[in-house]
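First up is the structure itself, then whatever we jot down about it.
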Amino acid sequence: MFADEDSYVKGLTYLSDKSIECPVCGHEFYIEKLQTGGGRMIADDLTELLHRRYKPGQKFGKVFPLIYSPVVCPDCYFSSMPQDFLKTPQEAIDILRSGAQDRIEFANKIAGTLVDYTKTRTLESGSAAYALAIECYDAFPKKFTPVIKQAMCAIKAAFLFEDLELDKTGQYYDFLAAAFFKKALFLYKYAIELNQSKVQVLETMSSLGPDIDKDYGYDGITYLIATLTVKYGEKEVKEVRLKDLEEAKLYYGKLFGMGKSDANKPKEILDKARHFFEEITKEVNELNA
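So this is what it looks like as structure tokens:
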């Protein structure tokens, strides 16, 4: 159990009043949480993939709220979203209990450095936390809707690897960001299939993100599938690229086309969707020329 000054940033984060016990290994620890207000988070632009960035503040510099969301046991590296950590079912615990060393090695490898979850979160340990959660959710039964949670963790990991690339250029974080965006695309499409077949229903989710500043709901997933397909789908094989672009157009059309009202659609998504729709229409015409 830890509660020392290295495990939080005074004035920016704090430790939970009560410790929690890891359901997998029994280790007791405190959770680092981000304080809000007081100019700690100064909203900046929203990226094409709906990632909210923040301007550096005078007191705390760059702040990355996403890094604090996953709960990670600092002993066995079991990771999940906060709502699931203490509710981990026995069938998942039985699977996860033997994988501690593999998880530790995986986290260090993917972060490109040794990560320590007894210390305050960093971009490296935060991105690794989401990657760990993706692996851990493989052990969860379908009633926990693990696939959509894996998709959300994948895109958040990609966001943070992008931020790492901006912060520490030249260490292959751009490659990792692209890999996790592609993983997110696969998982989002799979989650939609499972939702349509009533196997893992998305209505049980309190928020669909993708970031923590706003819940864009099902519209957000529709937009992300289209945009991830455009940005990270097949680029080399013409026939496959054309198929991907036509599929993306259908997804965008669900947002602003087909005679449906735009009144209840998020403006940020509609504006970006229209831009991409115009761009891929041009690309399709060029490929067919």
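Per my numbering, residue 1 is the first one in the sequence shown, and the count goes up by one each step.
Here a beta-carbon is modelled for each residue, glycine too, at the ideal position from N, C-alpha and C.
Nothing here was measured: the structure is a model prediction, and the numbers come from that model.
- Secondary structure of L86 (DSSP, three-state): coil.
- P266 sits buried, since 16 or more C-beta atoms from the chains shown fall within 10 Å of its C-beta.
- By the Cβ test, the segment 111-122 is not in contact with the segment 134-142, since fewer than three Cβ pairs between them sit closer than 8 Å.
- Excluding five sequence positions before and after L242, the CB atoms of its chain that fall closer than 8 Å to its own CB belong to V284, L287 and N288, given in chain order.
- Contact between L208 and I221 holds: CB atoms are separated by about 6 Å, below the 8 Å threshold.
- The continuous alpha helix (DSSP H) containing D174 extends over residues Y173 to Q196.
- In this structure H51 is buried. Its beta-carbon is surrounded by 16 or more other beta-carbon atoms within 10 angstroms.
- Under the DSSP definition of a beta bridge, A43 partners with Y54.
- Bounds of the beta strand (DSSP E) holding T13 are T13 to L15.
- Rounded to whole angstroms, the gap between the alpha carbons of K249 and N195 is 21 Å.
- For S79, the three-state secondary structure derived from DSSP is strand.
- Residue state for G217 is assigned as helix, using DSSP reduced to three classes.
- When beta bridges are read from the DSSP output, I20 appears opposite F29.
- A residue is called buried once 16 or more other Cβ atoms fall within 10 Å of its Cβ, and I31 is buried on that count.
- In this structure, Y130 and A92 do not form a Cβ contact; the two beta carbons are roughly 18 Å apart against a cut-off of 8 Å.
- A straight line joining the alpha-carbon of E48 with that of Y251 spans about 16 Å.
- D167 counts as exposed, since fewer than 16 other beta carbons sit within 10 angstroms of its beta carbon.
- K33 has its alpha-carbon roughly 5 Å from the corresponding atom of Y14.
- Assigned with DSSP and collapsed to three states, G61 falls in strand.
- Counted as a single uninterrupted DSSP element, the alpha helix (DSSP H) harbouring N285 occupies residues K267 to N288.
- Distance from L132 to I67 at the Cβ level is roughly 13 Å; contact not present, criterion being Cβ atoms closer than 8 Å.
- Inter-residue distance for E203 and P210 is about 15 Å (C-alpha atoms, whole angstroms).
- In this structure, the beta-carbon distance from V63 to M41 falls below 8 Å.
- Between the C-alpha atoms of P74 and F85 there is a straight-line separation of about 13 Å.
- Rounded to whole angstroms, the separation of the alpha carbons of K282 and E105 is 45 Å.
- Residue burial is scored here from C-beta neighbours: P70 has at least 16 other C-beta atoms within 10 angstroms and is therefore classed as buried.
- Taken through DSSP and simplified to helix, strand or coil, V147 comes out as helix.
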